[in-house]
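Novice: In this note's numbering, the protein residues as written are 2 to 273. Quick reminder that beta carbons are idealized off the backbone N, C-alpha and C, glycines included. Just dropping this structure here.
Encoded structure:
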């Protein structure tokens, strides 16, 4: 179902980059791990990065945010981005950032080498850290957001929710998500011309989240619209699946908006 997406995504060759200073914290860990912060976790010839929250006591179960980096970047860039790390630290999350082969992600083909890699990371995390298996969330930016969509579509039952930033799957009408319903909140800039939001023939930005509206068995129109800072958030709260679905739009371009992950955590996580 994903094979026809390949040609569309190959036209994107340039992405805006966010530059940030490293934000590291020290913590007395209750577990001895061979990888964290400055050291990559090695797994079957590949790698991923991890950052624990600064106030973790070293033993309490940790909620997890698995965030996929943008095209041309690495998991280390994720750990160095305060727009991500401040939110995960504030909310006490273990931040996990896989490294894509060739600094990219395989989300458009019929099969993906990266979905089994992400699933292997989950298994590895459980062996290394005391994670809360009911609170494992997906996220990503740009190409990484599309990868998070792909993983949620295939394996949604393994994750508590999707917090996606500026990247979707195209040709959504041809996709059926075998992973079933999942809570979703997606943010996208209306002026994004790098990975523009799919709008359909009627130029409707809400079509950008059509796959999740359909998968989560939501009504056609959102039942709530909320203005939060620079964002206009459209919410489907009465979905038959019970999985709330949201898209937050802003009038800027291709970026991780400052403060958005904090808002997303509040919307999708703290309502539990």
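Going by the C-beta, is residue 266 closer than 6 Å to any heavy atom of the ligand SAM?
Specialist: With respect to the ligand SAM, the structure offers nothing, as it holds no ligand at all.
Novice: For the candidate residues 175, 222, 196, 185, whose alpha-carbon lies nearest to that of residue 272?
Specialist: 185
Novice: Around the C-beta of residue 217, are 16 or more other C-beta atoms found within 10 angstroms, so that it is buried, or is it exposed?
Specialist: Label assigned to residue 217: buried.
Novice: Let me confirm a value: residue 135 is counted as buried when at least 16 other C-beta atoms fall within 10 Å, else exposed. Which label applies?
Specialist: exposed
Novice: As a quick exercise: from 145, 39, 79, pick the residue whose alpha carbon is nearest that of residue 196.
Specialist: 145
Novice: So, with DSSP's three-state summary, where would you put residue 135?
Specialist: strand
Novice: Of the residues 225, 220, 157, which one's Cα is nearest the Cα of residue 249?
Specialist: 225
Novice: Report the rounded CA-to-CA distance for residue 94 versus residue 264, giving the unit in angstroms.
Specialist: Their Cα atoms are separated by approximately 15 Å.
Novice: My output table needs one value for residue 207: the three-state DSSP class, helix, strand or coil.
Specialist: Residue state, collapsed to three classes: helix.
Novice: Based on Cα-Cα distance, which residue from 190, 238, 204, 243 lies nearest to residue 258?
Specialist: Nearest to residue 258 by C-alpha distance, out of 190, 238, 204, 243, is 190.
Novice: Quick test of the definition: if touching needs 3 or more C-beta pairs under 8 Å, does the stretch 219-237 touch the stretch 43-54?
Specialist: no
Novice: Which residue marks the beginning of the beta strand (DSSP E) containing residue 270, and which one marks its end?
Specialist: Neither: residue 270 is in no beta strand (DSSP E) and is coded neither H nor E.
Novice: With H, G and I counted as helix, E and B as strand and the rest as coil, what does DSSP make of residue 200?
Specialist: coil
Novice: Of the choices 143, 270, 201, whose alpha-carbon is the least far from that of residue 74?
Specialist: Taking only the C-alpha atoms, the option nearest residue 74 is 143.
Novice: Run the CB neighbour count on residue 128, radius 10 Å, all protein chains shown included, and call it buried at 16 or more, exposed below.
Specialist: exposed
Novice: Could you tell me how far apart the beta carbons of residue 161 and residue 137 are, in whole angstroms, since I believe they sit closer than 8 Å?
Specialist: Between residue 137 and residue 161 the Cβ distance is about 6 Å, and since that is below 8 Å, they are a contact.
Novice: For residue 37, is the classification buried or exposed, using 16 other Cβ atoms within 10 angstroms of its Cβ as the cut-off for buried?
Specialist: Counting Cβ neighbours within 10 Å, residue 37 comes out buried, since at least 16 surround it.
Novice: Please classify residue 102 as buried or exposed, where buried requires at least 16 other C-beta atoms within 10 Å of its C-beta.
Specialist: exposed
Novice: Assuming residue 97 and residue 126 are in contact, meaning their beta carbons sit under 8 Å apart, how far apart are those beta carbons, in whole angstroms?
Specialist: 7 Å
Novice: Counting only the same chain and skipping the five closest in sequence on each side, list residues whose C-beta sits under 7 Å from that of residue 45.
Specialist: 121
Novice: When DSSP labels each residue in this structure, what does residue 86 get in the three-state scheme?
Specialist: Correct three-state label for residue 86: helix.
Novice: Would you kindly work out how many angstroms separate the C-alpha atoms of residue 109 and residue 41, rounded to a whole number?
Specialist: 27 Å
Novice: Look at residue 68 and residue 79 and say whether their C-beta atoms are less than 7 Å apart.
Specialist: It is a contact, given that the beta carbons lie within the stated cut-off.
Novice: Would you check if the distance between the CB atom of residue 201 and the CB atom of residue 208 is smaller than 7 Å?
Specialist: Result yes, Cβ atoms of residue 201 and residue 208 sit closer than 7 Å.
Novice: In three-state terms, what does DSSP make of residue 99?
Specialist: strand
Novice: Go ahead and pull the three-state DSSP assignment for residue 144.
Specialist: helix
Novice: From which residue to which residue does the beta strand (DSSP E) around residue 43 run?
Specialist: 42-44
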